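Working notes, structure below.
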Amino acid sequence: MNRFASDARRVAMMPIWAAQLLTGAKSFMDNPLIGSEALNQRGLHTGRVALAHRLAAFRRDRLAGLLSPADRATFDHDGFIVQRDFLPPDHFAALLQQVQSHRGDARETVQGNAITRRVALDPATLQRLPALRQLLDLPAWTGPIRYAGSFDTEPVNYIQTILTHSKDGPDDPQCDLHADTFHPTVKAWLFLTDVPEDEGPFTYVAGSHRFTPERRAWERAVSLGMAQQENRLTRRGSFRVRPDELASIGLPPPTKLAVPANTLVVADTHGFHARGPSVRPTKRVEIWAYGRRNPFVPWTGLDLWTIPALGRRRSPMFWKFGDTLEAMGIKRNVWRPLQNVGPFDDA
Ligand SMILES: O=C(O)CCC(=O)C(=O)O
Ligand SMILES: [Fe+2]
């Protein structure tokens, strides 16, 4: 682009970049306001984090009835909850059997040497997986997820398979401790396989979901160091943290959640977390949910995606949209389609 065209683009984009400051937009590379050292010097980044935390706390207060007081206390303290033997044995056995025998469309993406496979849970697929459809409507599943996500809305749900060491490639980037984004947000896993400690367990730094003065100082330092920042994912707003920094942020070492099948984990992935390393090629299969909305709205509902007919078609719609962008030559869709595949299939 010549100088004039690039100046014209900046002028045209400015209102959009400014409006994005009041959304979940997080990339320091794609939005020059978010990435502006001068603005972050004046507290733009830490201000967004602080405001998002205050609003999430305000929304969570109103959703407190969705989980037990004990789970709420644990979540508020640690940033995650773990529930072993989550489903009654009969329900879990039926769920496992239905997922094991399921075959159909899926998508896969490769990150480092790991493959992530996802089966979207649209109404037609759920029709074939009644035990899963039943799970997604259980208050014991929806309650903690909605509380942690701070919105009374349907998360995006998948059957997810993680196949570690299944590609030649660099290390899996999910194995570096990180915050997914700058604001409180939720992910949940109901593991269908046992997850041993050395086979890529979900790992979480207890208490790292809180916005303490130490965390504020760290967020500020990272936001001001982007010019020298080598990690691309940090520059995109998913800050990586080194294990040797945790103590200075007032945080304990990470906890590896080595858990048996039928364990539910719900976590605020604004807290620091990672996929633990695996010492051998492994296959982890889970029912996986994540919820993310504009962190700056004060209300907990009013979400179009909560209408089941829409919400449960969201993932295939996004994937198809990605295919369309690719067909137009705009951007490669990293989610590659597969047919007649099962969640428990090997790489
Ligand atoms: O798969 C895991 O254990 C964690 C991956 C992760 O960082 C994420 O899903 O945000
Ligand atoms: Fe993550």
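The numbering of the sequence shown is our numbering, which starts it at 126 and goes up by one. Every residue gets a Cβ at the ideal spot worked out from N, C-alpha and C, and that includes glycine. This structure is a prediction, so every number in the text was calculated from the model and none was measured.
What does the alpha-carbon distance come out to for the pair L376 and F397? Numbered from its first residue, the sequence shown carries residue 376 at position 251. Numbered from its first residue, the sequence shown carries residue 397 at position 272. Answer to the nearest angstrom: the Cα atoms are 10 Å apart.
Check for me: the alpha helix (DSSP H) holding G229 runs from which residue to which? Indexing the sequence shown from 1 puts residue 229 at position 104. Looking at the DSSP string, G229 is not in any alpha helix (DSSP H); the run it does join, the beta strand (DSSP E), is G229 to Q236.
Is G362 buried or exposed, if buried means 16 or more other CB atoms sit within 10 Å of its CB? By one-based count along the sequence shown, residue 362 stands at place 237. With 16 or more other Cβ atoms within 10 Å, it is buried.
Assigned exposure category for A304 - 16 Cβ within 10 Å defines buried: Here residue 304 is taken as the residue at index 179 of the sequence shown, counted from 1. By the 10 Å Cβ count, A304 comes out buried.
Quickly, what does DSSP pair G416 with across the bridge? List them, please. Working through the sequence shown from its first residue, we reach residue 416 at position 291. Paired residue(s): V311.
Relative to ligand 2, is the shortest distance from any of its heavy atoms to the C-beta of Q236 smaller than 7 Å? Here residue 236 refers to the residue found at position 111 of the sequence shown. Not a single heavy atom of ligand 2 lies less than 7 Å from the C-beta of Q236.
Proximity of L358 and R271 at Cβ, strictly below 8 Å: Taking the first residue of the sequence shown as 1, we reach residue 358 at position 233. Taking the first residue of the sequence shown as 1, we reach residue 271 at position 146. Not closer than 8 Å, so no.
Quick check: is the beta carbon of L450 nearer than 8 Å to any beta carbon in chain B? Here there is only one protein chain, and chain B is not present.
Over what stretch of residues does the alpha helix (DSSP H) that includes N484 continue unbroken? The structure shown does not extend to residue 484, since the chain spans only 126 to 472, so no value can be given for it.
How about Q299: is its Cβ closer than 7 Å to a heavy atom in ligand 2? Here residue 299 is taken as the residue at index 174 of the sequence shown, counted from 1. It does: the Cβ of Q299 is within 7 Å (strictly closer) of some heavy atom of ligand 2.
DSSP beta-bridge partners for Q208? Counting from 1 along the sequence shown, the entry for residue 208 is found at position 83. Answer by DSSP bridge pairing, in chain order: L389.
Grouping DSSP H, G and I as helix and E and B as strand, with all else coil, what is S363? To locate residue 363, count along the sequence shown from 1; it is residue 238. If DSSP states are grouped into helix, strand and coil, S363 belongs with coil.
Residues in its own chain within less than 8 Å of S152 by CB, not counting five upstream and five downstream? If you number the sequence shown from 1, residue 152 lands on position 27. Sequence-distant Cβ neighbours of S152 in its own chain, meaning closer than 8 Å and more than five residues away, are I159, G160, R360, R361 and G362.
What do you reckon, is the C-beta of H290 under 7 Å from a heavy atom of ligand 1? Within the sequence shown, the letter at position 165 stands for residue 290. Not one heavy atom of ligand 1 is found less than 7 Å from the C-beta of H290.
Neighbourhood of L251 by C-beta, 8 Å cutoff - its chain only, sequence neighbours within 5 removed: Here residue 251 refers to the residue found at position 126 of the sequence shown. Counting only residues of its own chain and dropping the five nearest sequence neighbours on each side, L251 has a CB closer than 8 Å to the CB of L257, R258, L261 and R437.
Buried or exposed: where does E355 fall if 16 or more other Cβ atoms within 10 Å of its Cβ makes it buried? In the sequence shown, counting from the first residue as 1, residue 355 sits at position 230. With fewer than 16 other beta carbons inside 10 angstroms of its own, E355 counts as exposed.
Are there three or more Cβ pairs, one per stretch, closer than 8 Å when the region 463-471 is compared with the region 216-230? Three or more pairs of CB atoms, one per stretch, sit closer than 8 Å, so the region 463-471 contacts the region 216-230.
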